[in-house]
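Under UniProt numbering, the residue at position 159 of the sequence shown is numbered 159, and the numbers go up by one with no gaps.
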Amino acid sequence: MFDVKAERKKLDDKIKEKLKEFENQIKYAALIKDKAQQSKIIKQRDQYLSDVKQQFASLKDKNQLQQIQISKEEIEENSKQVVLNGYKKKEEFTKEREQLNNQRSFSKQEQQRLEKEQKRIQKIREEEGKYEKEYEKQKFEKNLKFFKEQKQKEKEEEEKRKKAVENKRKQVLKEEEEKRQQEKLRKQQEREFEEYKRIQRKIDEEKMIKAEQISKKKAMEIQSKIIEKEKKEEEQLRILESEKKQYEYERRIREQKLREQREQLYQEQEQAKMQKRKQAEKKYLEAEKREDKKIILKKEFEEKMKEKQKLKQIKQKQQQDKEQIQILKKKISQSQNENQHYNIEDEDSDELDIKKYINKISY
1 MFDVKAERKK LDDKIKEKLK EFENQIKYAA LIKDKAQQSK IIKQRDQYLS
51 DVKQQFASLK DKNQLQQIQI SKEEIEENSK QVVLNGYKKK EEFTKEREQL
101 NNQRSFSKQE QQRLEKEQKR IQKIREEEGK YEKEYEKQKF EKNLKFFKEQ
151 KQKEKEEEEK RKKAVENKRK QVLKEEEEKR QQEKLRKQQE REFEEYKRIQ
201 RKIDEEKMIK AEQISKKKAM EIQSKIIEKE KKEEEQLRIL ESEKKQYEYE
251 RRIREQKLRE QREQLYQEQE QAKMQKRKQA EKKYLEAEKR EDKKIILKKE
301 FEEKMKEKQK LKQIKQKQQQ DKEQIQILKK KISQSQNENQ HYNIEDEDSD
351 ELDIKKYINK ISY
C-alpha cells in the first residue's frame, strides 16, 4: 500500500536539501561577483520549485487512484462471495444489494474524504508558501548579515588605512624636525666660524699695527743717524760730488728697480690675497656643504706654508740683489781713497737698512 505521508516527508527533506544547495551556490556566485552564474542558478531553482509542484500534483493523483482501486477490489470480492454462496435467499440478496448501496454510500464518503485530502494538500501548499516566505526571510537575513560583515571589514580596513596614514604623517614630521635641527646646528657652526675669522682678523691687524709702529720707530732712528752723519760728512760729499752723481744715478736705477719689484710684489701679493680669498670662500662653501671645516683649515695652513716658502724665495732673491749691490760698491770703492770708501759704504749701509724695514712693512 502506498504511504502518502512517508513519501511527502521524503519529498520535503529532498526539497530542503536541494534548496540549501541552491542557496550556497547563489552565495558563492554573489561572493565572486558573477552575476551571470547567479542568474542561471536562480532560474534553475525556480524550475526545480515548478517541478516540485508538479510532483505534489502527481502525488495527489496517485493517492486518488489508490483509493479508487481499493473500492474496486472490495466490490469484486463481494461479487465473488455472492457467486460462491449461490443465489441465496431473496432477503440475503436484498441485504447484499443494501450492502452495495452502502458501498455506494461509502464511495460518496470516499469522495468527501478525497475533497478533504485536497483541502489538506491546499493547506500544505499554503504552508509551503509560508515556508518559501520564511526561506526568503532567512535568505534576506543571511544576506543582511553578510552585508554587515562586509561593512565591518571595510570599516576595519579603513581604520587600518587611517592608522597607517597617521603613522606616515608622524614619520614625516619627525624627519622635518630632524632637518630643522641639522639646519640650526649648521647655522650655529657658521656663526662660530665667522666669529673665529673676525677674532683672527683682529689679531692680524693688531700685529700689523705693532709691526708698523716698530718699523716707524726704527726708521726714525735710522733717519736721525743719517741726518747727523750727513752733517758730519757734508764737506767730504762735496769733494766727491762728481763721483757721487754717478753713484746716485746708479742708486736711482737700483731704487727704481727696487720700487718696481716692490710694486710688482705688492700687486702679486694683493692679487694672490684676492685669489686666495676667493678660493678660501669657495672652499669654505664647498666644505660647508660637506660639513668638513677641518679640511679647509688644513688647506689654509698648507697655503700659508706655501706663501712663507714663496716669501723665503723672494728674500733669497733680495739677498742675491744685495750681494750684487755690495759687489758693485766694492768695485766703486776700489777707485776711491780710503776716506771716500768709508763715507760711501757707511751711507749705503744706512740706506739699505731703511729699505729693509720699508720692504718688511710692505710684506
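Cβ coordinates follow ideal geometry from the N, Cα and C atoms, glycine included.
Practice item. Pull up the distance between the alpha-carbon of residue 235 and that of residue 229, whole angstroms please. Key: Within the sequence shown, numbered from 1, the residue matching residue 235 stands at position 235. Within the sequence shown, numbered from 1, the residue matching residue 229 stands at position 229. Going from the Cα of residue 235 to the Cα of residue 229 covers about 11 angstroms.
**Study point:** Three or more C-beta pairs below 8 angstroms linking the stretch 267–283 and the stretch 248–258
**Key:** In this structure the stretch 267–283 does not touch the stretch 248–258; the number of beta carbon pairs closer than 8 angstroms is below three.
Exercise for review: Just the C-alpha distance for residue 158 and residue 173, rounded to the nearest angstrom, thanks.
Suggested key: Translated into positions along the sequence shown, residue 158 becomes position 158. Translated into positions along the sequence shown, residue 173 becomes position 173. Straight across, the Cα-Cα distance linking residue 158 with residue 173 is about 22 angstroms.
**Study point:** Buried versus exposed call for residue 227 [16 or more other C-beta atoms within 10 Å across all chains shown]
**Key:** For this step, residue 227 is matched to residue 227 along the sequence shown. Exposed, because fewer than 16 other Cβ atoms sit within 10 Å of the Cβ of residue 227.
Point to revise | residue 41 classed as buried or exposed, judged by whether at least 16 other C-beta atoms fall within 10 angstroms | key: The sequence position of residue 41 within the sequence shown is 41, counting from 1. The residue in question, residue 41, is buried, as its Cβ has 16 or more Cβ neighbours within 10 Å.
Point to revise | From 180, 328, 198 and 322, residue whose alpha carbon lies closest to that of residue 246 | key: The residue labelled residue 246 in the question sits at position 246 within the sequence shown. Checking every option, the nearest Cα to that of residue 246 belongs to 328.
Review point. Where does residue 233 sit, in a helix, a strand or coil, going by DSSP?
Key: One-based indexing of the sequence shown puts residue 233 at position 233. Reduced to three states, the DSSP call for residue 233 is coil.
**Study point:** Contact under 8 angstroms by Cβ, residue 303 with residue 276
**Key:** In the sequence shown, counting from the first residue as 1, residue 303 sits at position 303. In the sequence shown, counting from the first residue as 1, residue 276 sits at position 276. Contact annotation: residue 303 and residue 276 have beta-carbon atoms nearer than 8 angstroms.
Review point. Helix, strand or coil: which one does DSSP assign to residue 12?
Key: The residue you call residue 12 lines up with position 12 of the sequence shown. Looking at residue 12 - three-state DSSP - the assignment turns out to be helix.
Review point. Does the count of Cβ pairs from the stretch 152–171 and the stretch 35–50 closer than 8 angstroms reach three?
Key: No: fewer than three Cβ pairs fall under 8 angstroms.
**Study point:** Cβ pair residue 14, residue 48 closer than 8 angstroms
**Key:** Residue numbering aside, residue 14 sits at position 14 when the sequence shown is read from its first letter. Residue numbering aside, residue 48 sits at position 48 when the sequence shown is read from its first letter. Not in contact: residue 14 and residue 48 (Cβ atoms no closer than 8 angstroms).
Review point. Beta-carbon separation of residue 155 and residue 23 under 8 angstroms?
Key: Counted from its first residue, the sequence shown places residue 155 at position 155. Counted from its first residue, the sequence shown places residue 23 at position 23. No, the pair does not count as a contact, with Cβ atoms beyond the cut-off.
**Study point:** Buried versus exposed call for residue 366 [16 or more other C-beta atoms within 10 Å across all chains shown]
**Key:** Nothing in the structure corresponds to residue 366, since the chain is present only between 1 and 363.
Practice item. Use the C-beta contact count for residue 203: other C-beta atoms within 10 angstroms, 16 or more gives buried, fewer gives exposed. Key: The count along the sequence shown starts at 1 and reaches residue 203 at position 203. Exposed, since its Cβ has fewer than 16 Cβ neighbours within 10 Å.
Check your understanding: Hey, residue 55 and residue 11 are a contact pair by Cβ (cut 8 angstroms); roughly how many whole angstroms apart?
Key -> Sequence index remark: in the sequence shown, residue 55 carries index 55 (1-based). Sequence index remark: in the sequence shown, residue 11 carries index 11 (1-based). Yes, they are in contact, since the Cβ atoms of residue 55 and residue 11 sit about 6 angstroms apart, within 8 angstroms.
Check your understanding: According to the neighbour-count rule (16 or more other Cβ atoms, all chains shown, within 10 Å of its Cβ), is residue 26 buried or exposed?
Key -> Taking the sequence shown and counting its residues from 1, one reaches residue 26 at position 26. Buried is the call here.
Exercise for review: Going by CA-CA distance only, name the one from 36, 266 and 136 that's closest to residue 20.
Suggested key: Stepping through the sequence shown from its first residue, residue 20 is reached at position 20. Out of 36, 266 and 136, 136 has the C-alpha closest to the C-alpha of residue 20.
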